[in-house]
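A short write-up of the structure that comes next.
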Amino acid sequence: MLLDLLIKSVNEFQTDCMRLYQKHYPNIHSEGMDEHHLSLAFSRRLSRTLTKFGHDCEYVALGSTDHFNPIHHYRITSDVGTVWVLASHMVTGGNMCRKTFLQAIDHWQGEYSFAIQPNDLLLLIGDHWFSRNRQSRELIHWWTGQLPDDVEQYTTQGVKLSEADSLLGHLLEDCFSLSPYFVKCTHPLQRPIDKQALRKYVQLYCVAQLS
């Protein structure tokens, strides 16, 4: 039940993002969403979905709020289970960016191990603007473990995707004993000229069950 509602929220979040982008144009169009706004916006979406289906819930920031260090981890608790949300604005998509994200997971796991319950879900969210950098072009493969079926659509828009030497799924299993069973990449922005998905901006999702 909780997984189904989480996946539904991921799908519905695309519409939320489009509205946010229209409201905050051109900032998000040029920079993407920072971790704080990405995780907070999704936590609100999941809470609305849970409430819509009759489940009591609340979302709380993990840690104290600070203007200079805004929260980008959240916990959503409900009568059908708990979801932990960790977000990263993958600025470069490179090795250091990926390493920083993994360190954030490690810190979260160590800090909140006492509160993690069996069957809790962990949602990792990232977003990225593609560049010509090779590691940037590898990011979808690194995150999902495969290249999209419509890879030619990316090429048409100037994004030449590449395969990565390592995979997020393997790193999660090796470093944290986490096994992802839902991964997805989305393109919530549209090109103004033809309303097609803007492939140069991607949001990335990964769900793992905790034990």
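For the sequence shown, this note's numbering gives the first residue as 128, with consecutive numbering after it.
All C-beta atoms in this analysis are idealised placements derived from N, C-alpha and C, irrespective of residue type, glycine included.
| Asked | Found |
| --- | --- |
| Secondary structure of Leu-325, DSSP reduced to three states | coil |
| Bridge partner(s) assigned by DSSP for Thr-313 | Gln-330 |
| Proximal residues to Phe-309 (C-beta, below 6 Å), its chain only, five neighbours per side dropped | Val-334 |
| Burial state of Glu-279, where buried means 16 or more other Cβ atoms lie within 10 Å | exposed |
| Start and end residues, alpha helix (DSSP H) containing Leu-177 | 162-179 |
| Environment of Cys-144 [buried if 16+ CB atoms lie within 10 Å] | buried |
| Pairwise C-alpha distance: Asp-301 and Ser-174 | 31 Å |
| Short Cβ contact (9 Å threshold) for Leu-298 with Leu-249 | no |
| Cβ separation of Glu-290 and Leu-274, assumed to be a contact under 8 Å, to the nearest whole Å | 7 Å |
| Alpha-carbon to alpha-carbon, Tyr-328 and Asp-277 | 15 Å |
| C-beta contact flag for His-164 and Leu-147 at 9 Å | yes |
| Terminal residues of the alpha helix (DSSP H) in which His-234 lies | 222-239 |
| Endpoints, the alpha helix (DSSP H) within which Thr-204 is located | It is not in any alpha helix (DSSP H) - Thr-204 instead sits in the beta strand (DSSP E) that spans 200-205. |
| Met-217, buried or exposed, once every other Cβ within 10 Å from all chains shown has been counted against 16 | buried |
| Alpha-carbon to alpha-carbon, Asp-206 and Lys-287 | 44 Å |
| Pair within 9 Å by beta-carbon distance, His-255 and Ala-231 | no |
| Backbone CA spacing between Glu-368 and Phe-257 [nearest angstrom] | Any question about residue 368 goes unanswered here, given that the chain covers just 128 to 338. |
| Where Glu-300 falls: helix, strand or coil (DSSP) | helix |
| For Gln-336, the residue or residues it bridges with in DSSP | Leu-248 |
| Run of the beta strand (DSSP E) containing Leu-213, from where it starts to where it stops | 208-216 |
| Nearest candidate by alpha-carbon position, reference Arg-171, set His-182, Glu-162, Ser-136 | Ser-136 |
| Buried versus exposed call for Ile-320 [16 or more other C-beta atoms within 10 Å across all chains shown] | exposed |
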